[in-house]
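Below is one structure, written out as structure tokens, with a few remarks after it.
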Amino acid sequence: MEILVCVKRVPDSAENEIVMNSAGNDIERDDLVYSVNEWDNYAVEEAIQIVEKVGGTVTVVTVGDADADEILRREMAMGAEKGLLLQDDAFEGSDCKGIATALKGAVEKGKYDLIFTGAQADEGAGAVGGMLAAMLDLPYASLVNKIELGDGKLTIGREIEGGNREMNEISMPCVLSIQTGINEPRYVGIRGIRKVSGVEIPVMSAGDLGVDAGSVGAAGAKVKKIDYFVPEKGEGAEMLEGSTEEIIDKLIEILKANGGL
Amino acid sequence: MAQLIADRRDIDFVLHEQLNVEELSKNEKFEAFNRKTVDMVVSEARNLAVKEMLPTWKEGDEVGCTFNAGQVIIPESFKRLFGLFNDGEWLAMNEDPEWGGQGMPRSVSSAASEYFNGANYPFMMYPGLTHGAGKLVEEFGTDEQKHLFLKNLYTGKWTGTMLLTEPCAGSDVGALETTATKNADGTYSISGSKIFISGGEHEMAENIIHPVLARIEGAPAGTKGISLFLVPKYRVNADGSLGAFNDVVCTGIEHKMGIHGNATCSLTLGGKGECVGTLLGEENKGMKAMFVMMNEARLLVGMQGFSCATTAYMYAVNYAKERIQGPNLTKPAGGGVPIIQHPDVRRQLLIMKSYVEAMRSLLYFIGYCNDVIAITEDAAIKDKYQGFIEILTPVAKGYVTDRSFEVCNHAIQVYGGYGFVEEYPVAQLMRDCRITMIYEGTNGIQAMDLLGRKLGMNKGKVFMDLMVEIQKVIKESKAHESLAPFTANVEAALNKLGETAMHMGKTAMSDKVMNAFAFAHPFLEVTGDVVMAWMLLWRGTIAASKLSDAKKKDLPFYEGQLKSLEYFTCNVLPVTLGKMDVIKATNGAVVDISEDSFIG
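As given, the protein sequences belong to chains F and C, one line each in that order.
Offset between the first sequence (1-based) and the numbering used here: plus 1308.
Offset between the second sequence (1-based) and the numbering used here: plus 5.
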């Protein structure tokens, strides 16, 4: 089984105090610690588990700058065999379609039975998986939280509203966006880290991928972020302030006072 | 969310800006540990520590260990954690890959160790002692012993302990009464009782390997007649499979002030005459072998204490930024402000910050000394760096754990009343930290080690090498005019330490030897203060050189380095000079007072 997992480098929400920048149009990025998007990590774990069962290769791919190398290396230390960095100034400022376009180029350079994305990213629109499938004209399932292997097809579980799950049959090759909770991602150990220490991760540009530079990046983006802000407090809303412990105490008081506990 | 356990920026500073550990990867031995690898090691250690270890720390304290009819139950969550820890192969980070180790530089593993111990050091004692037992097998074991035990220890399949203490043989190990009787097949029958055995019994691993100090029948009295034996809980057959129970019986566990998650056991060996061990190393050379383990264990204890300190500091800073109490003194009508704005809270936080940073640099530097020894072919360099390790070990254990407890104490004070409440983490940190001042040789013994063994080692050359090394940093710092007052204070303290050491050396060799040792601990304190000042000046010199070109995000960090240096050299070192005056005066009250005069 040849599996490509699309991953993204995002600010680590466990490590950062996210604050607005002075222009008020983005978060302050100067001092951020980055890591692999949590949903993508589940997708990589699922791919590794499938390959451990039936053989094959897991390749992780990302669109990003040179720093994005670190998350590919991390996922390779976890167990993915190959990494691929899609890096080009032309990709900068891409919307979801631009990212999907670059990824499509990478998919077409290989031969994959399965393509995974995370269901969403910490700072994204949850759209890349679906767009990629449409561009490749492949079957697609979103919010996948269970995968059973079959002959040329898969039985997959999808998380749907109300905590319910539906089961679907889907033929391969296909694109799946993976939901958290599908597995328990393994931790990276030292042996894995040592294994990838000297690995050179190939880099592909827009040209290498056969992607028209005008169709990606800021120039090709049809969706543009025009503002970024913390919503104003609405009527009836109360923002709890103080230390975590104090906020918890206040919350419990409110729940008790209103019959929630 | 705020950082937990340690300031990652500061760890990166020590590894990459102070020690330049990436340079080590130019040597074949450490070639895998380039910058990217080092950073990933630290990140993944932190990941495991924060996500898996830290959540089990409080449970370990509250649930603790229980004893029932010879069986010890440790916190349930530790078993899963031990599996994850072993899956990641974190137990023998520095050791030879041939035996299940990972060949990592010690400077780098210090960072991982800080995260792990900061998250849950009572748990980390299980793998820590296992590693120590493995190290003994690696250093002194026969090929057969290595093949039977080593890989299983280094991979955490089995755990290990250290059996020294007996009811009448605590600090005086030479008084032990456990006996070993040679059998016809070359093995020894072991008989005796041991106490205070960390991780002495549990069901977390399928076997427990006990290195045991015992006296072979007819051997000389005292430490010269002690031998070291390898005694498994279950005997190990020649093919590596487990055999019969080896008559190592747990008779109880201690109920302690802290580290509740770690079982402190009393063990009876050979109560039924069926405990068999094999000699590890040579007969009557057990203490020499055990010192290999004890030196490593002392550095580990320094790391344990320090990890409590860094964790406590992080909690305290975060709390002080969030806790709103009272107006700013200069704006009395301004309403409540975060307590970090209050001068006395800031004072305590800066004391904590200075110590934590300097102690981190010291512990990592000792790791780095091991790395230099591992890669250099130059015997003189090897000797010099080995000397640094020798003379800094009592500082890293004795001084660091004393100061770490002090840092935990400050953290409680910053929390105020909540600090005294067990619902908040700092109370447990202080309780857990307390034992680090006692075990692996009390801090009084560390002070005696510094004065009695290390100060005069190689006719004083080791101490002189240390002075020269500190002078190098002083010389570099003199290039920065802005550091001049701080540099001058460090230089004055170093010079006076040299005089104090000379005085102590002479006094210890005179008929006032008792007086000298009455001042051993104060001497350890002033030595530690100067070592802290050395580390802070080293850091400050780097910060000063980078300040003008620093990125916006790095500016507060480098400025913070300079403030730590300023605080320590202007507020702590002057007191250190006074303490040195006291030592040089060597007042005799401690020695002269009669036992009858202590209570009227």
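Even glycine gets a Cβ: it sits at the ideal position worked out from N, Cα and C.
query                                                                                                                         : result
Under 8 Å (Cβ pairs) to chain F, residues found in the region 432-465 of chain C                                              : none
Uninterrupted alpha helix (DSSP H) stretches inside the region 281-332 of chain C (no shorter than 4 residues)                : 291-327
Helix, strand or coil at Cys-1404/F according to DSSP, with G and I counted as helix                                          : helix
Segment limits, beta strand (DSSP E) that includes Ser-196/C                                                                  : 193-203
Cβ shell of Phe-393/C (< 6 Å), same chain only, five flanking positions each side left out                                    : Cys-374
Rounded Cβ spacing between Thr-505/C and Phe-468/C (contact assumed at less than 8 Å)                                         : Actually they do not touch by this definition, with Cβ atoms about 11 Å apart.
Extent of the continuous beta strand (DSSP E) to which Glu-1310/F belongs                                                     : 1310-1314
Gly-93/C at chain F interface by Cβ criterion, 8 Å                                                                            : yes
Phe-311/C versus Lys-464/C, Gln-346/C, Asn-157/C and Tyr-369/C, residue with shortest Cα-Cα distance                          : Tyr-369/C
Three-state class that DSSP yields for Asn-157/C in the structure shown                                                       : helix
Straight-line gap, Glu-1477/F to Ile-1486/F (C-alpha atoms, nearest Å)                                                        : 16 Å
Residue closest to Leu-1462/F, alpha-carbon to alpha-carbon, out of Met-1475/F, Ile-1556/F, Gly-1470/F and Gly-1471/F         : Met-1475/F
Pairwise C-alpha distance: Phe-410/C and Phe-573/C                                                                            : 18 Å
Reference Ala-243/C, options Gly-565/C, Lys-151/C, Glu-57/C and Ala-210/C, closest by Cα                                      : Lys-151/C
Chain C contact for Ser-1505/F (CB, 8 Å cutoff)                                                                               : yes
Neighbour list for Asp-1373/F in chain C, Cβ cutoff strictly below 8 Å                                                        : The contacting residues do not exist; Asp-1373/F stays about 15 Å from chain C at best.
CB-CB length for Ser-359/C against Arg-544/C, believed under 8 Å                                                              : Ser-359/C to Arg-544/C, Cβ: 10 Å. No contact.
CB contact below 8 Å: Thr-25/C versus chain F                                                                                 : Before going on, a small fix: residue 25/C reads as Asn here, not Thr. No, its Cβ sits nowhere closer than 8 Å to a Cβ of chain F.
Near-chain C residues of the region 1355-1379 of chain F - C-beta to any C-beta below 9 Å                                     : Asp-1377 and Glu-1378
Within 8 Å, strictly: CB atoms of Gly-1460/F and Val-1452/F                                                                   : no
Contacting residues, own chain, Cβ-Cβ under 7 Å from Lys-1541/F (five flanking each side not counted)                         : Met-1547
Meets three-Cβ-pair contact criterion under 8 Å: the region 1378-1389 of chain F and the region 1352-1367 of chain F          : yes
With 16 other Cβ atoms within 10 Å as the buried cut-off, status of Asn-463/C                                                 : exposed
Residues, ordered as in the chain, of the region 1529-1552 of chain F that lie near chain C by beta-carbon distance below 7 Å : Gly-1550 and Ser-1551
Anticipated Cβ contact below 8 Å, Gly-282/C with Val-178/C, distance rounded                                                  : In fact, because the Cβ distance is near 17 Å, the residues do not count as touching under 8 Å.
C-alpha gap between Asp-554/C and Gly-1391/F, whole angstroms                                                                 : 35 Å
Beta carbon proximity, Arg-408/C to chain F, threshold 8 Å                                                                    : no
Interface residues of the region 246-260 of chain C facing chain F [CB-CB below 7 Å]                                          : none
Cβ neighbour criterion (16 or more within 10 Å) applied to Gln-566/C                                                          : buried
Contact list for the region 1493-1504 of chain F against chain C, Cβ threshold 9 Å                                            : Arg-1494, Tyr-1495, Val-1496, Gly-1497, Ile-1498, Arg-1499, Gly-1500, Ile-1501, Arg-1502, Lys-1503 and Val-1504
Per-residue contacts from Arg-1382/F into chain C (C-beta, under 7 Å)                                                         : Met-45
Near-chain F residues of the region 326-356 of chain C - C-beta to any C-beta below 8 Å                                       : Glu-327, Arg-328 and Ile-329
Three-state class that DSSP yields for Tyr-1574/F in the structure shown                                                      : Chain F is shown only over 1309 to 1569; residue 1574/F falls outside these bounds and no answer can be derived.
Contacts of Asp-1339/F in chain C (Cβ-Cβ under 7 Å)                                                                           : Lys-558
Top-ranked residue by Cα proximity to Leu-570/C, from Leu-552/C, Met-540/C, Gly-593/C and Ser-550/C                           : Met-540/C
CA-to-CA distance, Asp-1348/F to Thr-1409/F, given in whole angstroms                                                         : 18 Å
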